[in-house]
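**Student:** Residue numbers (our numbering): 25 to 469.
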Ligand code: NDP
Ligand code: 2IT
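1. In the DSSP assignment, find the unbroken beta strand (DSSP E) run with residue 288 in it and report its ends.
2. What beta strand (DSSP E) runs, 3 residues minimum, are completely inside the region 248-307?
3. Less than 7 Å between the beta carbons of residue 463 and residue 107, yes or no?
4. How about residue 334 and residue 289: are their beta carbons less than 7 Å apart?
5. If the criterion is Cβ atoms closer than 7 Å, does the pair residue 256 and residue 339 meet it?
6. Going by CA-CA distance only, name the one from 371, 433, 204 and 206 that's closest to residue 263.
7. Between the C-alpha atoms of residue 389 and residue 292, what's the straight-line distance to the nearest angstrom?
8. From the DSSP output, which residues share a beta bridge with residue 185?
9. Is the closest heavy atom of the ligand NDP to the C-beta of residue 188 under 6 Å?
10. Considering only the alpha carbon of each residue, which of 407, 397 and 362 lies closest to residue 385?
11. By a C-beta neighbour count over all protein chains shown, 10 Å radius and 16 as the cutoff for buried, is residue 344 buried or exposed?
12. Using the Cβ count rule (16 or more neighbours within 10 Å means buried), how would you classify residue 133?
13. Compare the C-alpha of residue 278 against each of 253, 351 and 302 and name the closest.
14. With hydrogens ignored, establish whether the beta-carbon of residue 112 is closer than 6 Å to any heavy atom of the ligand 2IT.
15. How is residue 105 classed by DSSP in three states: helix, strand or coil?
16. Expressed to the nearest angstrom, what Euclidean distance is found between the alpha-carbon atoms of residue 131 and residue 469?
17. Whose C-alpha, out of 34, 195, 395 and 29, is nearest the C-alpha of residue 231?
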């Protein structure tokens, strides 16, 4: 396999899918050498089979808004690969959602889920529905209309969706209610459920907690820990919230948050009251982080800017894809940042990653560092299948162990001759080998 040739052909086939091409490119470049060491993979055309989703369902979602107007959105589910377990991955509701974004997310999910060591294949779905400014009743009607189509192709042993941007506990509840109504079954078809009806404790916090556990593992390789570190975080959603909570608990000082409107710099760092306020901001459905600075006098708001210009020891982007570019990376490098750990999926541009890795700063890609969310979804699936509910400390202990193992796996496959760990290579190779071997054993299907 020659990565560049595959990418050129892919660009011709999908000229309007830049995010998908970006995600595939990164994986192919880093696995090329290992892949070519196993001629049986090429003979079975594993790469061609892996980069094409098994199937994509696109559908119309019609719903009625509070003013009585009929609204139409596009809904999707990309079932990418189920070699190691049922299709698994979140649903994203955001106006920017299109097939390129969902294919990039579904593709990344294959390797991420493989890294968790749990039995989950890769998928992603969502809609260009914009939840911002919608009433609770509108959100419910939209979720119900979305599930009226989706229910046909999901199931606890088939495809298990969960949350992502714009989809949290409330949306999972509404989606589940309609699924239950249509199928008359109460099962583990979705994860991130309410804890009264099958949801796992620690799932809401799990992605952010896992990112912080992973950051600590990375820092340990240079004899340091997160305690006392200044941390810049972007976003103020589910992942950012969990990361701020755990980092603060472990004695780090989180000095930034951000929204699409700009960023907050708070030199005093976060505390319990501020972390609770993040939840209020989210619940307000307004999509702005500025009110944080109005509420807490030590905090300043920087309109339309990225938090990466603030000097920090550790950077944890938790908002969205390609939010951290080469300029941001240069700012981080100049300001002495030691570690960049991705909470979001593909938040760094390829140029940013190149600059960070060149300067030998510790860098972990989202598919390794944010795998704690889907791993805990996997633990929710286990609890549902056994009709048991585990205590929070058991879930957290397993999450911690899984993040430790992923880190170890990245080191095993990513250690470079000069001692620097290339976590991108490590994560991609480790994730890929397991899926590729499973595909080989299952024949051409
Ligand atoms: P949320 O919807 O809870 O939060 C995402 C937040 O980031 C929103 O506030 C969003 O605002 C904001 N945001 C979007 N674009 C920007 C931007 N350009 N600058 C600053 N803020 C922005 O989503 P999650 O926290 O769940 O997801 C965040 C990231 O983490 C995504 O990349 C997601 O794929 C990833 N992830 C999520 C997991 C989960 O379990 N939820 C697991 C693993 C990864 P707005 O909506 O207005 O744009
Ligand atoms: O990107 C992700 O890993 C998620 N949004 C979580 C997916 C899941 O199935 O829990």
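The beta-carbon is built from N, C-alpha and C at its ideal position, and this holds for glycine as well.
**Tutor:** Checking against the coordinates, here is how it stands:
1. 286-289
2. 254-257, 277-283 and 286-289
3. yes
4. yes
5. yes
6. 371
7. 28 Å
8. 113
9. yes
10. 362
11. buried
12. buried
13. 253
14. yes
15. strand
16. 18 Å
17. 395
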